[in-house]
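See structure below.
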Amino acid sequence: MKPLIPALALVLAVSCATAPKAPPVVEAPRPKPLLGEHGFDLTQIDRSVSPCDNFYDYATAGWRKTNPLPSTYSRFGRFEEVADRNRATLRSILEASAKETNAAPGSNTQKIGDFWSACMNETLIEQQGAGPIQPSLDRINAINSRTDVVAEVRREKLAGINSLFRFGAQNDFKNSQQIIAGIGQGGLGLPDRDYYLRDDGTFKTTRQQYAAHIAKMFALAGVSAAQAQTDADRVVSLETQLAQASMARVEQRNPENIYHITPVADLQTLAPQLDLPSLFTAAGLQDLRSVNVAQPDYFREVNRLLDEAPVETWKAYLRWKVIDDAAPLLSSPFVNEDFAFRGVTLSGQKEIQPRWQRCVRAADENIGEILGQEYVKRAFTPEAKAKMNALIDNLVSALREDIPTLTWMGPETKRAALEKLDAFRRRIGYPDKWIDYTNLQIGHDSYAQNVFAANTFAVRRASGRIGKPDDPNEWGFFTPSTVNAGYNPPQNNITFPAGILQPPFYDPNADDAYNYGGIGVVIGHEMTHGFDDQGAKFDPQGNLRNWWTDADLKNFQQRAACIANTYGAFPVEANINLQGKLVTGEAIADLGGATIALRAYEKSLQGHDRQVIDGFTPEQRFFLGFAQVWAQNMAPEEARRRALTDPHAPGPARVNLTVQNMPEFADAWNCPAGAKMTRPAGERCSIW
Numbered sequence: 185m186k187p188l189i190p191a192l193a194l195v196l197a198v199s200c201a202t203a204p205k206a207p208p209v210v211e212a213p214r215p216k217p218l219l220g221e222h223g224f225d226l227t228q229i230d231r232s233v234s235p236c237d238n239f240y241d242y243a244t245a246g247w248r249k250t251n252p253l254p255s256t257y258s259r260f261g262r263f264e265e266v267a268d269r270n271r272a273t274l275r276s277i278l279e280a281s282a283k284e285t286n287a288a289p290g291s292n293t294q295k296i297g298d299f300w301s302a303c304m305n306e307t308l309i310e311q312q313g314a315g316p317i318q319p320s321l322d323r324i325n326a327i328n329s330r331t332d333v334v335a336e337v338r339r340e341k342l343a344g345i346n347s348l349f350r351f352g353a354q355n356d357f358k359n360s361q362q363i364i365a366g367i368g369q370g371g372l373g374l375p376d377r378d379y380y381l382r383d384d385g386t387f388k389t390t391r392q393q394y395a396a397h398i399a400k401m402f403a404l405a406g407v408s409a410a411q412a413q414t415d416a417d418r419v420v421s422l423e424t425q426l427a428q429a430s431m432a433r434v435e436q437r438n439p440e441n442i443y444h445i446t447p448v449a450d451l452q453t454l455a456p457q458l459d460l461p462s463l464f465t466a467a468g469l470q471d472l473r474s475v476n477v478a479q480p481d482y483f484r485e486v487n488r489l490l491d492e493a494p495v496e497t498w499k500a501y502l503r504w505k506v507i508d509d510a511a512p513l514l515s516s517p518f519v520n521e522d523f524a525f526r527g528v529t530l531s532g533q534k535e536i537q538p539r540w541q542r543c544v545r546a547a548d549e550n551i552g553e554i555l556g557q558e559y560v561k562r563a564f565t566p567e568a569k570a571k572m573n574a575l576i577d578n579l580v581s582a583l584r585e586d587i588p589t590l591t592w593m594g595p596e597t598k599r600a601a602l603e604k605l606d607a608f609r610r611r612i613g614y615p616d617k618w619i620d621y622t623n624l625q626i627g628h629d630s631y632a633q634n635v636f637a638a639n640t641f642a643v644r645r646a647s648g649r650i651g652k653p654d655d656p657n658e659w660g661f662f663t664p665s666t667v668n669a670g671y672n673p674p675q676n677n678i679t680f681p682a683g684i685l686q687p688p689f690y691d692p693n694a695d696d697a698y699n700y701g702g703i704g705v706v707i708g709h710e711m712t713h714g715f716d717d718q719g720a721k722f723d724p725q726g727n728l729r730n731w732w733t734d735a736d737l738k739n740f741q742q743r744a745a746c747i748a749n750t751y752g753a754f755p756v757e758a759n760i761n762l763q764g765k766l767v768t769g770e771a772i773a774d775l776g777g778a779t780i781a782l783r784a785y786e787k788s789l790q791g792h793d794r795q796v797i798d799g800f801t802p803e804q805r806f807f808l809g810f811a812q813v814w815a816q817n818m819a820p821e822e823a824r825r826r827a828l829t830d831p832h833a834p835g836p837a838r839v840n841l842t843v844q845n846m847p848e849f850a851d852a853w854n855c856p857a858g859a860k861m862t863r864p865a866g867e868r869c870s871i872w
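Just so you know, we're using the numbering used here here: the sequence shown kicks off at 185 and counts up by one.
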């Protein structure tokens with residue numbers, strides 16, 4: 185493989201004694217990487233820490249000390265640092281579009297500019313107050329029957345509001361080329377069911393704060409103080425019952441637990457009070473024959489509550505869902521109270537972000553592929569896509585060579601694994617097919633109405649996909665500026681948006697070791713998701729089907745359990761450890777990604793000098809590149825929330841628990857047996 189940075193060609197001049205002297209040849213200066221001389225900032229390292237004792241601190245403490253947690257963030261790390269750069273680019277696009285006074289109605293420029301102008305018009309937003317949601321509140325206040333309650337639930341579903349349950353389009357797990365309708369649990373106002381069900385730590389206090397927050401919001405919407413508190417208590421009580429019926433996140437990681445194809449006619453037996461056929465008809469799906477019910481027991485409980493809970497309780501809940509959904513879009517009293525609870529109480533963020541940052545985020549969330557078309561013109565080149573493709577080729581090659589060498593996997597499963605690897609589809613930078621926003625109306629006179637319109641558009645677009653073949657050219661989950669990457673099991677594809685293809689993850693002018701340790705590990709991470717505790721259940725075509733022999737599946741599960749147990753012992757705070765089974769998939773992908781990326785990098789070194797740069801060997805630079813993308817500072821409240829809800833471990837665990845299981849790390853840093861960053865061979869977790 186050629187190195188990422190080709191060596192500068194030597195230019196030889198042949199002189200002749202009788203010829204005039206030629207001017208000296210001056211080589212063009214090599215482009216500098218963004219970070220340091222070789223793509224790495226040495227000030228990030230804390231040399232007072234031994235890499236064999238705590239590699240995360242060794243590699244990132246310098247960055248964390250010089251980048252303390254900003255008051256406007258609950259977590260700030262290298263991902264957020266890159267996202268800030270991307271948001272600055274998006275802001276320039278939004279501002280330029282807003283200045284285009286002659287933009288054609290319905291054009292991308294008009295929609296981008298008007299969305300920005302409406303969001304930034306704080307004077308108008310303050311004047312409107314609760315006006316944008318008043319029609320919905322008035323309608324809810326007029327409810328006097330259970331039939332009216334169900335009709336309002338239906339309206340909120342079609343408006344994209346997070347009330348009672350989820351409704352949308354999904355791949356059929358057992359016929360992945362087909363898009364089907366899916367419904368599942370939802371509608372909780374707190375981050376996870378545990379916030380309602382646990383009394384240890386701060387959970388009980390958080391529930392009390394949540395009830396007080398709801399009451400304050402009701403009061404802002406014009407409800408009397410006494411009634412506001414009564415209604416808030418009703419909401420918390422109802423949501424607690426919904427939480428009790430909800431499936432835990434760990435259980436949902438098994439796709440077989442959330443796949444229950446049900447004839448529409450049978451829904452009248454499962455949840456007759458909910459009248460789901462009327463929802464489907466209202467969504468334009470009157471011919472729908474079946475639907476995936478992710479959690480049937482949840483819908484049985486919803487049916488009971490619709491039958492037994494007082495109408496006034498349902499009115500309070502539906503009113504709350506409208507207010508909670510719209511609060512960030514309304515006047516400052518709503519925005520500030522929403523932030524006081526969701527930002528400060530739940531996440532530990534001290535100060536709300538500036539208006540422009542919130543508006544950039546809203547634009548990316550609501551019209552992301554319109555904005556993304558302009559973003560990639562400024563921030564992504566065909567050359568970058570070609571280099572990324574080459575890197576992926578190298579990682580695929582390394583994994584293809586690795587699979588046949590696995591001692592714990594038999595020949596039959598190896599053949600199936602290689603078939604799945606070869607069937608991977610890749611998506612780089614931006615979609616080949618952009619979403620058509622022709623039917624989305626965006627104006628300059630109401631920020632809230634623009635977001636409402638975008639939500640309704642998204643629901644209608646999803647409904648329009650149901651019953652049709654999947655279009656692999658549509659992305660859906662990521663916008664081009666997203667600083668993330670992903671693997672989709674039913675589509676068997678890996679996605680790398682343009683937003684992540686920049687330093688410190690990737691720099692075309694940096695040393696190869698840092699690129700392989702950065703974006704190379706990200707690539708390997710997403711690839712090995714195809715073989716983690718979830719991905720391993722899907723075949724090369726993306727269908728939920730067991731392709732493992734019994735013996736190989738048992739071996740895999742034992743190795744996955746090793747990882748789950750290791751991460752489950754990692755403390756977040758008193759009484760809260762990581763949920764090992766929740767983070768298993770990401771942990772498998774971290775370890776697999778680092779292992780495969782290192783092998784691909786070492787293969788690229790064949791035939792080249794093994795240079796020591798900045799005092800570090802190639803392997804040491806690789807591990808530094810890996811660790812430094814996970815530098816982050818986080819508020820305790822946010823760490824607690826993520827421990828309960830996030831399948832990703834925090835930076836210290838992602839780095840240290842990965843390298844502890846890699847003997848290559850101990851070799852690279854000459855770590856002695858018994859060092860904290862090494863594990864005895866008999867205790868080491870290993871899959872790839």
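Here a beta-carbon is modelled for each residue, glycine too, at the ideal position from N, C-alpha and C.
For residue i, three-class secondary structure by DSSP
| i | result |
| --- | --- |
| residue 578 | helix |
| residue 763 | coil |
| residue 755 | strand |
| residue 477 | strand |
| residue 210 | At residue 210, the pLDDT of 34 sits below 50, so the modelled position is not reliable and the matter cannot be decided from this model. |
| residue 447 | strand |
| residue 205 | Confidence is the limiting factor: at residue 205 the pLDDT is only 35, short of 50, which leaves the residue's position unreliable, though a coordinate-based value still follows. Coil, per DSSP. |
| residue 360 | strand |
| residue 530 | coil |
| residue 366 | strand |
| residue 797 | strand |
| residue 290 | coil |
| residue 355 | strand |
| residue 377 | coil |
| residue 259 | strand |
| residue 868 | coil |
| residue 350 | strand |
| residue 728 | strand |
| residue 564 | coil |
| residue 740 | helix |
| residue 299 | helix |
Nearest-angstrom beta carbon gap, residue j and residue i [assumed within contact, 8 Å]
| i | j | result |
| --- | --- | --- |
| residue 678 | residue 608 | 6 Å |
| residue 823 | residue 757 | 7 Å |
| residue 809 | residue 646 | Not confirmed; about 39 Å, so no contact. |
| residue 310 | residue 515 | 5 Å |
| residue 330 | residue 490 | 6 Å |
Closest by C-alpha distance to residue i, when choosing among the options
| i | options | result |
| --- | --- | --- |
| residue 312 | 376, 847, 630 | 630 |
| residue 450 | 474, 441, 465 | 474 |
| residue 852 | 574, 804, 577 | 804 |
| residue 556 | 460, 619, 640, 516 | 619 |
| residue 344 | 638, 872, 777, 741 | 638 |
| residue 778 | 741, 872, 862, 742 | 872 |
| residue 315 | 507, 850, 840 | 507 |
| residue 772 | 783, 363, 751 | 751 |
Residue i: CB within 7 Å of a non-hydrogen atom of the ligand GDP
| i | result |
| --- | --- |
| residue 612 | This structure simply doesn't include the ligand GDP, nor any ligand for that matter. |
Min CB distance residue i to chain C below 8 Å
| i | result |
| --- | --- |
| residue 459 | Absent from the structure: chain C. Only one protein chain is present. |
Original post:
So does the region 783–794 actually touch the region 569–588, counting three or more Cβ pairs closer than 8 Å?
Top reply: As far as the Cβ criterion goes, the region 783–794 touches the region 569–588, which means the pair count is three or higher.
Original post:
Does the region 343–353 come close enough to the region 365–374 to have 3 or more Cβ pairs within less than 8 Å?
Top reply: Result yes; three or more Cβ-Cβ pairs closer than 8 Å.
Original post:
Which parts of the region 799–830 are runs of the alpha helix (DSSP H), unbroken and 4 residues or longer, counting only runs that do not cross its ends?
Top reply: Runs of the alpha helix (DSSP H) inside the region 799–830: 802–812, 820–829.
Subject >> Whole runs of the beta strand (DSSP E) within the region 624–687, excluding any shorter than 3 residues >> reply: Counting whole runs of 3 or more residues, the region 624–687 contains the beta strand (DSSP E) stretches 670–672, 677–681.
Original post:
Can you find at least 3 beta carbon pairs, one from the region 858–865 and one from the region 790–804, that sit closer than 8 Å?
Top reply: The region 858–865, when compared against the region 790–804, does not touch it at the 8 Å Cβ threshold.
Original post:
At what residue ranges does the region 832–864 contain a whole run of the alpha helix (DSSP H), taking only runs of 4 or more?
Top reply: Runs of the alpha helix (DSSP H) inside the region 832–864: 835–844, 847–853.
Subject >> Length at least 4, wholly inside the region 304–335: the alpha helix (DSSP H) runs in chain order >> reply: As far as the region 304–335 is concerned, its whole alpha helix (DSSP H) runs of at least 4 residues are 306–312, 318–325.
Subject >> Runs of beta strand (DSSP E) wholly within the region 456–524 (minimum 3 residues, chain order) >> reply: Listed in chain order, they are 474–477.
Subject >> Residue ranges of each alpha helix (DSSP H) within the region 380–406, 4 or longer >> reply: Within the region 380–406, the complete alpha helix (DSSP H) runs of at least 4 residues are 387–404.
**OP:** Report yes or no: do the region 398–416 and the region 448–464 share at least 3 C-beta pairs separated by less than 8 Å?
**Re:** No, the region 398–416 is not in contact with the region 448–464.
Subject >> Sequence ranges, alpha helix (DSSP H) only - wholly within the region 225–274, length at least 4 >> reply: Correct list: 239–250.
Original post:
Which ranges would you report for the alpha helix (DSSP H) in the region 586–614 if only whole runs of at least 4 residues count?
Top reply: Complete alpha helix (DSSP H) runs here, min 4: 595–607.
Original post:
Are there three or more Cβ pairs, one per stretch, closer than 8 Å when the region 699–715 is compared with the region 649–666?
Top reply: Look at the beta carbons and you see the region 699–715 not touching the region 649–666: under three pairs across the two are nearer than 8 Å.
Original post:
Between the region 393–404 and the region 477–497, do three or more beta carbon pairs fall short of 8 Å?
Top reply: The region 393–404 makes no contact with the region 477–497: fewer than 3 CB pairs, one atom from each, lie closer than 8 Å.
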